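A.B. asks: Each step along the sequence shown adds one to the number in full-length UniProt numbering, with nothing skipped, and position 2 is 2.
Built from N, CA and C at the ideal position, the CB exists for glycine as well.
This structure is a prediction, so every number in the text was calculated from the model and none was measured.
To start, I am sharing the structure in question, which I have written as structure tokens.
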Amino acid sequence: MNISLKRTRAIFMKDYKEFSRNYGLSFMLTVPIIFAVLFRSAGPNLPGAIGFLLNLSFVLFTCFAQACLLAEEKERGTLRSLMMTPATTFDVLIGKSALVFVMSAVVLSISIIILGYKPPSLWAFAAANFFSIILYTALGTICGLYCKTLVDASFSILPVSTLFTGAPWGAVFENEYPILKVLDYMPSSQLVHLLNIPHTGFTTEELTKPLLFILAWTVVVTIGSVVLYQRKLKDE
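This is the structure:
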């Protein structure tokens with residue numbers, strides 16, 4: 001795996017300049033913070049608030065922003081030009097994912113502070129968010145690579161939003177509809193399980209089980225995004 005920090009940084013700075021000029025995406029930065037303020041006004045102990053906030057933010061900001069950045073590149077033909085440069089697959093993917101990763105981490109940290117949420121285990125909570133940001137950035141990469149325009153990216157996010165954000169709600173009905181049990185293995189559902197662990201009396205297994213599920217999803221989806229990029233590279 002050959003990575004050039006100089007090329008990665010150049011791609012990062014290019015995306016930063018483009019993002020700052022895109023007011024629609026810039027507004028998306030405020031969505032998690034707005035929800036955090038609304039939930040806090042309803043009470044910091046509002047059931048399910050933190051889970052809903054995180055899962056919605058991962059889809060509506062992390063995944064959507066990444067998909068839009070790539071779709072915009074494809075629409076203008078600059079992604080094809082980037083593929084033709086000496087930059088490796090990892091140079092491009094890391095460079096184009098770094099901006100969304102950093103912004104997601106900062107915005108979600110601010111939102112969590114505003115909400116006033118205190119996790120039962122800080123390290124497990126931080127790890128879950130770290131893995132989730134990578135996961136949804138990779139999902140956004142996949143969506144963006146399949147899209148040709150920004151409009152396509154907007155529509156591509158709908159099934160992701162429905163499946164990943166809605167999974168924890170659908171899993172509630174697994175006793176009535178056993179087939180919905182599969183939704184319990186979605187990363188968004190596992191994140192909710194982690195967030196619902198009591199602050200006292202929890203075991204290490206209760207912390208590590210959801211983390212391992214989220215990590216597995218992250219690895220699989222990230223590999224999928226790399227394979228898809230390399231396939232698109234060969235097509236070009």
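Under 8 Å, with one C-beta from each stretch per pair, do the region 182-196 and the region 100-113 reach the 3-pair mark?
C.D. replies: Segments in contact, no.
A.B. asks: From GLY51 to PRO119, what distance separates their C-alpha atoms?
C.D. replies: About 12 Å.
A.B. asks: Assuming contact is defined by CB atoms lying nearer than 8 Å, are ILE133 and THR208 in contact in what I supplied?
C.D. replies: No.
A.B. asks: Do you know how far the Cα of SER121 is from the Cα of LEU53?
C.D. replies: Near 18 Å, if we compare the C-alpha coordinates of SER121 and LEU53.
A.B. asks: Relative to the C-alpha of PRO159, which candidate in ARG7, PHE64, VAL31 has its C-alpha closest?
C.D. replies: Selected option, being the one with the closest Cα: PHE64.
A.B. asks: Verify whether the separation of the beta carbon atoms of VAL59 and ILE157 is less than 8 Å.
C.D. replies: In this structure, ILE157 lies closer than 8 Å to VAL59 by Cβ.
A.B. asks: Could you check what DSSP says for TYR117 in three-state terms: helix, strand or coil?
C.D. replies: In this structure, TYR117 counts as coil in the three-state DSSP scheme.
A.B. asks: Examine the Cβ distances between the region 127-144 and the region 200-215 and report whether three or more of them are shorter than 8 Å.
C.D. replies: Segments in contact, yes.
A.B. asks: Count the other CB atoms within 10 Å of the CB of ILE223; is the residue buried (16 or more) or exposed (fewer)?
C.D. replies: Exposed, since its Cβ has fewer than 16 Cβ neighbours within 10 Å.
A.B. asks: Comparing C-alpha positions only, which one of GLU75, MET28, ARG231, LYS232 sits nearest to LEU150?
C.D. replies: Nearest option by C-alpha distance: GLU75.
A.B. asks: What did DSSP end up calling HIS193 once you bin it into helix, strand or coil?
C.D. replies: Three-state DSSP puts HIS193 in a helix.
A.B. asks: Should LEU115 and PRO187 be called a contact, given that it needs their Cβ atoms to be closer than 8 Å?
C.D. replies: Contact flag unset, no.
A.B. asks: Please classify LEU180: does DSSP put it in a helix, a strand, or coil?
C.D. replies: Three-state DSSP puts LEU180 in a helix.
A.B. asks: When we look at the beta-carbon of THR137 and count the other beta-carbons within 10 Å, is it buried (16 or more) or exposed?
C.D. replies: So THR137 ends up on the buried side.
A.B. asks: Short of 7 Å in beta carbon distance, which residues of its chain neighbour ASP152, apart from the five on each side in sequence? Order them along the chain.
C.D. replies: Excluding sequence neighbours, ASP152 sits near ALA71.
A.B. asks: Which one of PHE90, SER57, ASP91 has the shortest CA to CA distance from LEU29?
C.D. replies: When only C-alpha atoms are compared, the closest one is SER57.
A.B. asks: At what residues does the alpha helix (DSSP H) containing MET13 begin and finish?
C.D. replies: Run containing MET13: 5-21, per the alpha helix (DSSP H) assignment.
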